[in-house]
Amino acid sequence: MLELVADMMENDLILIGATAVEDKLQKGVPQCIDKLAQAGLKIWVLTGDKMETAINIGFSCSLLRQGMKQICITVMNSDAVAQESKQAVKENISMQITNASQMVKLEKDPHAAFALIIDGKTLSYALEDDMKHQFLALAVVCASVICCRVSPKQKALVTRLVKEGTGKTTLAIGDGANDVGMIQEADIGVGISGVEGMQAVMASDFSISQFRFLERLLVVHGHWCYKRIAQMICYFFYKNIAFGLTLFYFEAFTAFSGQSVYNDWYMLLFNVILTSLPVISLGVFEQDVSSEVCLQFPALYQQGPKNLFFDWYRILGWMGNGLYTSLVIFILNIMIFYNQAFRAEGQTADMAAMGATMFSCIITAVNCQIALTMSHFTWIQHLFVWGSVTTWYLFLLLFGMLPPYYSEDAHKILVEALGPAPIYWCTILLVTVACNLPYLAHISFQRCFNPMDHHIIQEIKYYKKDVEDQHMWRRERSKARQETKIGFTARVDAKIRQLKGKLQRRSSTLILPNCMPSPCQ
Amino acid sequence: MSGHMASSSNGGSGSGDSGAPRRNSKRPKYSKFTQQELPACKPILTPKWVVSAFLIIAIVFIPIGIACLLGSRDVVEVVERYETRCIPPAYANNEVQYIQSSVDKTCNISMTIPKRMKKPIYVYYQLDNFYQNHRRYVKSRSDKQLKSLKNENDTSSCKPEHLATNGGAIVPCGLIAWSLFNDTYIFSRPNNQNNQSLTVNKKGIAWKSDKEKRFGKDVRPKNFQGGGLRGGGDLDATIPLSEQEDLMVWMRTAALPTFRKLYGKIEVDLEANETINVTLGNNYNTYSFNGKKKLVLSTTSWIGGRNDFLGIAYLTVGMICLALAIGFTVVYFVKPRRLGDPTFLSWNRGPGSH
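Protein sequences appear in the order of chains A and B.
For what it's worth, full-length UniProt numbering labels the leading residue of the first sequence as 1, then goes sequentially.
For what it's worth, full-length UniProt numbering labels the leading residue of the second sequence as 1, then goes sequentially.
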């Protein structure tokens, strides 16, 4: 009835216009996704919106583009599914996945891109144990995956599937309470604080206020953090091996009775104040390249996923360096202070003198080593590194001034015994240089013949070649990214390829030689 | 439509007042420290730096090495091992019994001076295979007791050498003092017309801080070696500890099982090829543990006693650095890599490189 009335009324209307509601993406999201794709990350979208909305969002941030083949996996009939046809539905979905995989495998064009779009209902079948590996295999070869109408539980399940199925590190970012499951399931969970409340923030490892900050979080801070942690751990092993092994070597000379060559106080302070602050400053402030360069060269991010700085070669190399250092310190000190007088006044060295000298050698050698490792020296690093060495001498001086009840054999040892003895200072200089020589030779050699990317960029910056030769700098920046099929630069590249292809086809169909080919529109 | 007023509420709470003084922004205050933009120097290892570093080390180390070697070569040292020589033939297989008996243990040896030795000449005794650095030995002393008379009974850390058989505390207690070295040496020059005997100055052999701060002026030895078992020499009970320099020298535990300790100083020059006769009292028992005893006469130079190792080590490191400097210079000329050359970036070098 209503329809009849409407038919009668709605006649001879003039179309005035159309309105639309745009659910805008946040500022900077397409650029961020583009940068992350250039850094080599694979991006999936899990949303509760319906398929058309999700596809539109995919287009607006260049996860999808014209020319991408969209693979839609859906449940055929949306009627209430009877029990016995559940099996039929599953088989249907399985067949769709198989067909799609086949199509992808047979594709010959290397620049062809596929997008997988799947909705929540289908996902509930696809995530069952017998089908999930098949589904994951297809999803992994697609350039982008968009899951729509997903429930919070399914978001977590998809994240777990990717994490366990591929074995790669996963990061989940979301802003609502429905993202909490996914955020907690992923290796790294990032929550966006904002319009939808703080539940995502409270469940996450990192929280940011806008999506576009994810770019800086990963490409700048992620890159720096990886290097800092790798260097810190390797150095910690090195310095403790260098220190601890000298104690073991000395046991061979004490009939294995457990006497330590160092005063207890030296050993206590070693890891507390004398060698800990430089490492902390390395772990907090070290930058191999500045933040602008990190953002301009997304390919540098790949040094992390490829694990170039914490592979076994590097770890064992640092341990070997520690072993070598401990041997050099111990053997040189023993041989120099052997049994003869160590001063012009004829006194021979006792265990306190030998221990204090050995310890001075360790502190100086280990701190010079970290100075060679660092590449970014602020005033804090200078203060901590040189300050640690100075603190040791200050400590020795002040400890020696305490009454002998506290300082025992170390009473006045610097002022009276070691300070005026030239052999003490000569030994420290010799041991420090001998310990650091192999490392210095190694890094000189590596920088000369096998430089890594950040070395080259450091040199370009140091000699200001980026300012002199802007063309080269821009060219390298544009080359410094991973091959990717998503993001707007990929879209631009695809468009360029398409236009080139059209141009070639046009020029090949041209018969008359004196006609210029018409330019592409 | 004209009646349609612009809505007063802007869309969303994200956009604040435009340009109004109250920003209500939660953005943290910018500081160079928190944004990791502190001014920094970023040195890099260019070929210039590499070669200069190695060259400077070589230039500094080789002269130091030569100086140390010359300083060590200047030292004249005479070493005589005597513990096997000083056993009379009657006791050839019963050394321990000999040393523990009360037979007269005087022994005469002679030493030849190879080169002219300028005064002061230091006399050392060297012990081998004697672990003064053993943990229980090093612990076994009481610094409080050594320092002051009122702490006489503070002997707990000195066990087992803490109480005499008569129940009183041993002063100084502990294994270190108990095992005091007690061989004596008397030197003479038989061929010298002017002076036959050589006096050995036994003062000034201990550290000044030991004499003033660690060994008390009011503490005198008491019940020393009174624990039933004798471990070494005796101490004069009338002389306070702050003047017992032999004890102070002995109590500075050595780091290695082979060590020398200062016995005294000879304040005259000795000529080359001169023969020195030593009348020594072979009292100390090293035979129970196959230890060796040696007598050493040595001069010193600015670097101390004779040990070529420091000089040789400096020269070795200096030579290695020189070789590295030359090697790197050659390499940089033969196969130079232009610094900042972007062809070495991994995306320009082709697949399979990082």
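Beta carbons are placed, not taken as given, at the ideal position from N, Cα and C, and that holds for glycine.
Note that the structure is predicted; figures quoted are calculated from it, not measured.
inquiry  = Against chain A, with Cβ distances strictly below 8 Å, would residue 233(B) count as a contact?
reply    = It does not: the Cβ of residue 233(B) has no partner Cβ on chain A nearer than 8 Å.
query = Which class does residue 329(A) belong to by DSSP, given the choice of helix, strand or coil?
reply = The answer is helix: DSSP assigns residue 329(A) an H, G or I state.
query = For residue 8(B), which residues from the same chain have a beta carbon less than 7 Å from its beta carbon, with the 5 sequence-adjacent residues on both sides left out?
reply = A caution first: residue 8(B) carries a pLDDT of 37, below 50, which makes its placement in the model unreliable, though a value can still be read off. Within the same chain, no Cβ atom closer than 7 Å to the Cβ of residue 8(B) is found once the five residues on either side in sequence are excluded.
message = Out of 85(A), 88(A), 101(A), which one is the CA nearest neighbour of residue 69(A)?
response = Ranking 85(A), 88(A), 101(A) by Cα distance to residue 69(A) puts 101(A) first.
ask   = Is the Cβ of residue 266(B) closer than 8 Å to any Cβ of chain A?
value = Output row for residue 266(B): interface = no.
query = Are the segment 316 to 336 of chain B and the segment 44 to 58 of chain B touching, with three or more C-beta to C-beta distances below 8 Å?
reply = With a cut-off of 8 Å on Cβ pairs, the segment 316 to 336 of chain B is in contact with the segment 44 to 58 of chain B, counting three or more such pairs.
ask   = Are residue 203(B) and residue 271(B) touching if we call contact CB-CB under 8 Å?
value = No, the pair does not count as a contact, with Cβ atoms beyond the cut-off.
Interface residues of chain A facing residue 305(B) [CB-CB closer than 7 Å] = By Cβ distance, chain A contributes 340, 341.
request  = Helix, strand or coil for residue 298(B), going by three-state DSSP, please let me know.
outcome  = Reduced to three states, the DSSP call for residue 298(B) is strand.
inquiry  = Between residue 209(B) and chain A, is any beta-carbon pair separated by less than 8 Å?
reply    = It does; some Cβ of chain A falls within 8 Å.
task = Output yes if chain A places a C-beta closer than 8 Å to the C-beta of residue 59(B); else output no.
result = It does not; no Cβ of chain A falls within 8 Å.
query = From which residue to which residue does the beta strand (DSSP E) around residue 311(B) run?
reply = Where residue 311(B) is concerned, there is no enclosing beta strand (DSSP E), although the alpha helix (DSSP H) it sits in stretches over 309 to 334.
message = Strictly under 8 Å for the Cβ-Cβ distance: is residue 12(A) near chain B by that measure?
response = Residue 12(A) does not count as touching chain B.
message = Spatial neighbours of residue 485(A) within its chain, please: C-beta separation below 7 Å, excluding the five flanking residues on both sides.
response = Only 113, 143 meet the Cβ criterion.
inquiry  = Please confirm whether residue 337(B) has its beta-carbon closer than 8 Å to some beta-carbon of chain A.
reply    = For residue 337(B), the answer is yes, since a Cβ of chain A falls inside 8 Å of its Cβ.
inquiry  = Counting only Cβ pairs nearer than 7 Å, list the residues of chain A close to residue 134(B).
reply    = Neighbours of residue 134(B) on chain A, chain order: 254, 255, 257, 259.
Under 7 Å from the C-beta of residue 131(B): neighbouring residues of chain A = Under the 7 Å cutoff, chain A gives 254, 255.
request  = Output the boundary residues of the alpha helix (DSSP H) element that contains residue 406(A).
outcome  = For residue 406(A), the enclosing alpha helix (DSSP H) covers residues 404 to 407.
inquiry  = Cutting at 8 Å between CB atoms, please list the residues of its own chain near residue 380(A), excluding the five before and the five after it.
reply    = Here the set comprises 281, 285.
inquiry  = Along the segment 170 to 193 of chain B, where does the CB come closer than 7 Å to a CB of chain A? Name the residues.
reply    = Those would be none; no residue qualifies.
query = Any C-beta of chain B sitting closer than 8 Å to the C-beta of residue 246(A)?
reply = By this cut-off, residue 246(A) is not an interface position.
ask   = In chain order, which beta strand (DSSP E) runs of at least 3 residues are fully inside the segment 189 to 272 of chain B?
value = Runs of the beta strand (DSSP E) spanning 3 or more residues and lying entirely within the segment 189 to 272 of chain B occur at 259 to 266, in chain order.
Residues in the segment 28 to 53 of chain A having any Cβ partner in chain B nearer than 9 Å = Within the segment 28 to 53 of chain A, no residue has its Cβ closer than 9 Å to any Cβ of chain B.
message = Using the Cβ count rule (16 or more neighbours within 10 Å means buried), how would you classify residue 496(A)?
response = Burial check for residue 496(A): the Cβ neighbour count within 10 Å stays below 16, so the residue is exposed.
query = Which chain B residues are close to residue 280(A), counting only those with a beta carbon under 7 Å from its beta carbon?
reply = Going along chain B, no residue has its Cβ under 7 Å from residue 280(A), so there is no contact; the nearest lies around 15 Å.
message = One question on the structure: do residue 120(A) and residue 94(A) come within less than 8 Å of each other, judged by their Cβ atoms?
response = Against a cut-off of 8 Å, the Cβ pair of residue 94(A) and residue 120(A) comes out as no contact.
key: Boundaries (first-last residue) of the alpha helix (DSSP H) holding residue 468(A)   = Taken as a continuous stretch (DSSP letters only), the alpha helix (DSSP H) holding residue 468(A) covers 465 to 468.
key: residue 128(B) - containing beta strand (DSSP E), residue span   = Its beta strand (DSSP E) spans residues 121 to 128.
Span of the beta strand (DSSP E) around residue 444(A) = DSSP places residue 444(A) outside any beta strand (DSSP E); the residue lies instead in the alpha helix (DSSP H), whose first and last residues are 422 to 449.
Per DSSP, cross-strand counterpart(s) of residue 119(A) = DSSP lists 148(A) as partners of residue 119(A).
query = So, is the C-beta of residue 260(B) closer than 8 Å to a C-beta in chain A?
reply = True, the Cβ-Cβ gap to chain A drops below 8 Å.
query = Using the beta-carbon of each residue, which ones in chain A are nearer than 7 Å to residue 253(B)?
reply = For a Cβ distance threshold of 7 Å, residue set 350, 351 of chain A lies close to residue 253(B), ordered along the chain.
message = Does the CB of residue 44(B) have a neighbour CB from chain A at under 8 Å?
response = Using a Cβ-Cβ cut-off of 8 Å, residue 44(B) counts as an interface residue toward chain A, since at least one Cβ of chain A sits closer than that to its own.
task = Could you name the residues that DSSP lists as bridge partners for residue 185(B)?
result = Residue 185(B) is bridged by DSSP to 280(B).
query = Where does the unbroken beta strand (DSSP E) through residue 22(A) begin, and where does it stop?
reply = From DSSP, residue 22(A) is part of no beta strand (DSSP E); its letter is neither H nor E.
inquiry  = Can you pull the chain A neighbours of residue 100(B), defined as C-beta to C-beta under 9 Å?
reply    = Per Cβ cutoff of 9 Å: no residues; residue 100(B) is ~24 Å from chain A at best.
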